[in-house]
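K.L.:
Using the numbering used here, you'd call the opening residue of the sequence shown number -10 and step up by one each time.
Glycine is no exception: its CB is placed at the ideal position from the N, C-alpha and C atoms.
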Amino acid sequence: MIKRKVLVLCVDRDSDLTEKVKISGPIVGRKANMEAATKLVLADPEEPDANAIFEAIKTFDELSKEEDVQIVTLTGSPKLGYYADKEITGQLERVLSEFKADGCVFVSDGASDEEILPIIQSRVKIDSKKEVVMKQAKELEKTYFVILEKLREPYYAQLILGIPAVLLLALVISDYFGFGWRLLAALLGVYLLIKGFGLDYRLAGLFDLRISVERISLIAYLIALPLFMISLWFGVQQYSTASQEGTDIVKTSALVIRSLLILLPWAAMLVVLGRSIDLLQEGKKFELARQSMNLIMILILWLLFSMASDWVLADAYFSELVITIAGSIVMAFVAIWVLRKIRINIAGSMKLENKEALSELGAYIGKIVGVDRRKGMLVIQTAFGQRLTLALDRIVQASDKVIVRY
């Protein structure tokens, strides 16, 4: 009799495993899931995801007697939403490409994880669904503790506490300095723009700051902070002056940008310099190329916005703006090509064998079993024993673990 292939699937959508015990999905096999759940429950005994994984292990043991079963835990992202669903989808597709499941048993700790159900159903048939709820939790008591737990997560804290805080602070500032409601609306618009497009996470990931009193880079960061604040103050002052003079919105924007560019680029370059110092101290030559690209992009943006604001204010000809744009594009392409070659050469000279390969969102891909330096390729063995190859220029970061675009 041919046994059905059944996948016991547990999903940690907000990636508590990654945040609390530094374990990323897909977590494949009974032993790996047992270790992950044990570490998670020891780190946080109240963590419901640990109970869900234990329930998945129990289900795996029961089904193993009759079916060909595999157990997998997928992890998402603390940012939830699109980012979490994208990561889970990618992990699930890799799992299903190596384990052709006929059906799936979905184990969840609640409604948040179940939001991913339509994505899972579109890729594999769900035979059964289990929801793990702590038995001693009364409904009201459960709701109370769920709210408290969610408020500890940055995503919900920013929504529930962050937006009212920004509104109150902006209101106080606008009343104190007499800037009025337009400044309040502008600040709120900037905040919503940053949150809506995830620019805070992108900037944090771009510079990857690690602030510590033990690092020399702290000096660069301490100098950059007041420069950044003074730049914002210059911008606010320019906006206030232009508004009082009745300047149109286009010229006002150009004046504000020109004011910001007096010190803001220097603050950004100091941040890049500080991060570069950290990388030199840690011996991470590969990541230095990325910081070099950040520095070049700061210079290009500085040049473009300066010339654009000068043109709007009639301090530069349109032909000068066009030449600047064309030159910036050429400069960017040349910089990307040169730095790509440098990164490939550095990666080829490093000892990458036997290191774990992870995706940019922290999902486990496999172990590096070889490097074909002549062809510029990485050879990675997945958790299911299959091998895949990726170009060396797909490497984003190389240290104890290798992060690749996958």
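Check whether the segment -7 to 0 touches the segment 49 to 61, counting contact only when three or more Cβ pairs, one atom from each stretch, lie closer than 8 Å.
P.N.:
Touching, yes, given that three or more Cβ pairs across the two stretches are closer than 8 Å.
K.L.:
Helix, strand or coil, according to DSSP, for Glu35 in the structure here?
P.N.:
Here residue 35 is taken as the residue at index 46 of the sequence shown, counted from 1. Glu35: coil per DSSP, three-state reduction.
K.L.:
Given a cut-off of 8 Å, decide if Leu250 and Trp300 are closer than it, judged by their beta-carbon atoms.
P.N.:
Working through the sequence shown from its first residue, we reach residue 300 at position 311. Working through the sequence shown from its first residue, we reach residue 250 at position 261. The beta carbons of Trp300 and Leu250 sit no closer together than 8 Å.
K.L.:
What would DSSP say about Ser97, mapped onto helix, strand or coil?
P.N.:
In the sequence shown, residue 97 corresponds to position 108, counting from 1. Looking at Ser97 - three-state DSSP - the assignment turns out to be strand.
K.L.:
Is Pro15 buried or exposed, if buried means 16 or more other CB atoms sit within 10 Å of its CB?
P.N.:
For the purposes of this step, residue 15 is identified with residue 26 of the sequence shown, where counting begins at 1. Its Cβ being crowded by 16 or more others within 10 Å, Pro15 is buried.
K.L.:
Assuming Gly355 and Ile369 form a contact by the criterion Cβ under 8 Å, report the distance between their Cβ atoms to the nearest whole angstrom.
P.N.:
Counting from 1 along the sequence shown, the entry for residue 355 is found at position 366. Counting from 1 along the sequence shown, the entry for residue 369 is found at position 380. Rounded, the Cβ-Cβ distance is 4 Å, consistent with contact.
K.L.:
DSSP on Glu130, reduced to helix/strand/coil?
P.N.:
Against the sequence shown, residue 130 aligns to sequence position 141. Its pLDDT being 44, under 50, Glu130 is placed unreliably by the model, and the measurement read from it follows with that caveat. If DSSP states are grouped into helix, strand and coil, Glu130 belongs with the helices.
K.L.:
Please return the same chain residues whose Cβ sits closer than 7 Å to the Cβ of Ala380, not counting the five positions on each side in sequence.
P.N.:
For the purposes of this step, residue 380 is taken as the residue at position 391 of the sequence shown. In its chain, beyond the 5 residues on either side, Gly365 and Met366 have a beta carbon closer than 7 Å to the beta carbon of Ala380.
K.L.:
Please name the residue in Gly235, Pro34 and Lys75 whose C-alpha comes closest to that of Pro107.
P.N.:
Reading the sequence shown from its first residue, position 118 is the one you call residue 107. Its Cα nearest to that of Pro107, the residue Lys75 stands out among Gly235, Pro34 and Lys75.
K.L.:
Report the rounded CA-to-CA distance for Ala25 versus Ser265, giving the unit in angstroms.
P.N.:
Numbered from its first residue, the sequence shown carries residue 25 at position 36. Numbered from its first residue, the sequence shown carries residue 265 at position 276. Approximately 34 Å, taken between the alpha carbons.
K.L.:
Considering just the uninterrupted stretch of the beta strand (DSSP E) at Gln280, what are its terminal residues?
P.N.:
Along the sequence shown, one-based indexing puts residue 280 at 291. No beta strand (DSSP E) contains Gln280, which is instead part of the alpha helix (DSSP H) from Lys274 to Val301.
K.L.:
Buried or exposed: which applies to Met218, given that a residue is buried once 16 or more other Cβ atoms fall within 10 Å of its Cβ?
P.N.:
Numbered from its first residue, the sequence shown carries residue 218 at position 229. Its Cβ having fewer than 16 others within 10 Å, Met218 is exposed.
K.L.:
When the Cα of Lys118 is compared with those of Ser111, Ile105 and Cys93, which residue comes out closest?
P.N.:
Locating residue 118 in the sequence shown gives position 129, where the first residue counts as 1. It is Cys93 whose Cα lies nearest to the Cα of Lys118.
K.L.:
Determine, using beta carbons only, whether Arg112 and Glu87 come nearer to each other than 8 Å.
P.N.:
Position 123 of the sequence shown, counted from the start, is the residue given in the question as residue 112. Position 98 of the sequence shown, counted from the start, is the residue given in the question as residue 87. For Arg112 and Glu87, no; Cβs fall outside 8 Å.
K.L.:
Note the first and the last residue of the continuous beta strand (DSSP E) segment covering Ala387.
P.N.:
Mapped onto the sequence shown, residue 387 falls at position 398. Segment Ile384 to Ala387, the beta strand (DSSP E) holding Ala387.
K.L.:
Does DSSP put Gly235 in a helix, a strand or coil?
P.N.:
Translated into the one-based positions of the sequence shown, residue 235 becomes position 246. Gly235 falls in the coil class under three-state DSSP.
K.L.:
Check the C-beta distance from Ala209 over to Gly272 and give it rounded, since I have them as a contact under 8 Å.
P.N.:
Sequence index remark: in the sequence shown, residue 209 carries index 220 (1-based). Sequence index remark: in the sequence shown, residue 272 carries index 283 (1-based). Not quite, the Cβ-Cβ distance comes to about 19 Å (not below 8 Å), so this is no contact.
K.L.:
From the DSSP output, read off the bridge partner residues of Asp64.
P.N.:
Taking the first residue of the sequence shown as position 1, residue 64 is located at position 75. Residue identity differs from the one stated: residue 64 is Thr in this sequence, not Asp. Looking at the DSSP assignment, Thr64 forms a beta bridge with Asp1.
K.L.:
List the DSSP bridge partners of Lys(-6).
P.N.:
Reading the sequence shown from its first residue, position 5 is the one you call residue -6. Beta-bridge pairing links Lys(-6) to Asp57.
K.L.:
Note the first and the last residue of the continuous alpha helix (DSSP H) segment covering Arg376.
P.N.:
Locating residue 376 in the sequence shown gives position 387, where the first residue counts as 1. Unbroken run through Arg376 is the beta strand (DSSP E), Arg376 to Ala380; no alpha helix (DSSP H).
K.L.:
Would you call the segment 314 to 331 and the segment 274 to 291 touching, i.e. three or more CB-CB distances under 8 Å?
P.N.:
yes
K.L.:
For the beta strand (DSSP E) holding Met366, just list the boundary residues, first then last.
P.N.:
If you number the sequence shown from 1, residue 366 lands on position 377. Met366 to Thr371 is the span of the beta strand (DSSP E), which, as asked, contains Met366.
K.L.:
Leaving out five residues before and five after Glu130 in sequence, what residues of the same chain have Cβ atoms less than 6 Å from its Cβ?
P.N.:
On the sequence shown, position 141 is the one that residue 130 refers to. With a pLDDT of only 44 at Glu130, under 50, the local geometry of the prediction cannot be trusted, and no value is derived from it.
K.L.:
Going by DSSP, what residue range makes up the alpha helix (DSSP H) through Lys330?
P.N.:
Residue mapping note: residue 330 aligns to position 341 of the sequence shown, counting from 1. First-last of the alpha helix (DSSP H) with Lys330: Phe307 to Ser338.
K.L.:
What three-state label does DSSP hand Glu8 in the structure shown?
P.N.:
Within the sequence shown, numbered from 1, the residue matching residue 8 stands at position 19. Correct three-state label for Glu8: helix.
K.L.:
State the Cα-Cα distance for the pair Asp5 and Ser97, rounded to the nearest angstrom.
P.N.:
The residue you call residue 5 lines up with position 16 of the sequence shown. The residue you call residue 97 lines up with position 108 of the sequence shown. Taking the straight line joining both Cα atoms gives about 14 Å.
K.L.:
The alpha helix (DSSP H) with Val113 in it runs from where to where?
P.N.:
Position 124 of the sequence shown, counted from the first residue, corresponds to residue 113. No alpha helix (DSSP H) holds Val113; DSSP gives it neither H nor E.
K.L.:
So, for Glu36: in the same chain, excluding its five sequence neighbours on each side, which residues have a beta-carbon less than 8 Å away from its beta-carbon?
P.N.:
Taking the sequence shown and counting its residues from 1, the one referred to as residue 36 is at position 47. Same-chain partners within the cutoff: Asp5, Lys9, Leu29 and Val30.
K.L.:
On a Cα-Cα basis, can you pick out the residue from Ile205, Ala39 and Ser53 that is closest to Arg2?
P.N.:
Start at 1 with the first residue of the sequence shown, and residue 2 comes out as number 13. Checked all of Ile205, Ala39 and Ser53; the closest Cα to Arg2 is Ala39.
K.L.:
Return the Cβ separation of Ile357 and Glu342 in integer angstroms, given the expectation that the two are a contact with Cβ distance under 8 Å.
P.N.:
Translated into the one-based positions of the sequence shown, residue 357 becomes position 368. Translated into the one-based positions of the sequence shown, residue 342 becomes position 353. That pair is a contact at about 6 Å.
K.L.:
With distances taken Cα to Cα, identify the nearest neighbour of Ile105 among Gln375, Gly70, Leu302 and Leu293.
P.N.:
Here residue 105 refers to the residue found at position 116 when the sequence shown is read from its first residue. The candidate whose alpha carbon is nearest that of Ile105 is Gly70.
K.L.:
Look at the alpha carbon of Leu259 and the alpha carbon of Leu211, and state the distance between them as a whole number of angstroms.
P.N.:
Residue numbering aside, residue 259 sits at position 270 when the sequence shown is read from its first letter. Residue numbering aside, residue 211 sits at position 222 when the sequence shown is read from its first letter. Looking at the two C-alpha atoms, the distance is approximately 9 Å.
K.L.:
Contact defined as beta carbons within less than 8 Å: I believe Ala256 pairs with Leu216. What is the distance between those atoms, to the nearest angstrom?
P.N.:
Position 267 of the sequence shown, counting from 1, holds the residue named residue 256. Position 227 of the sequence shown, counting from 1, holds the residue named residue 216. The Cβ separation is near 4 Å, so the contact holds.
K.L.:
Can you tell me which of Ser295, Ser13 and Ala346 puts its alpha carbon nearest to the alpha carbon of Glu309?
P.N.:
Counting from one through the sequence shown, the residue named residue 309 turns up at place 320. That would be Ser295, whose Cα lies nearest to the Cα of Glu309.
K.L.:
For the beta strand (DSSP E) containing Ile266, name the first residue and the last one.
P.N.:
Residue 266 sits at position 277 when you count from the first residue of the sequence shown. First-last for Ile266: Leu253 to Glu271, but that is the alpha helix (DSSP H), not the beta strand (DSSP E).
K.L.:
For a quick check, are the C-beta atoms of Lys340 and Val391 less than 8 Å apart?
P.N.:
Taking the sequence shown and counting its residues from 1, the one referred to as residue 340 is at position 351. Taking the sequence shown and counting its residues from 1, the one referred to as residue 391 is at position 402. Contact: no.
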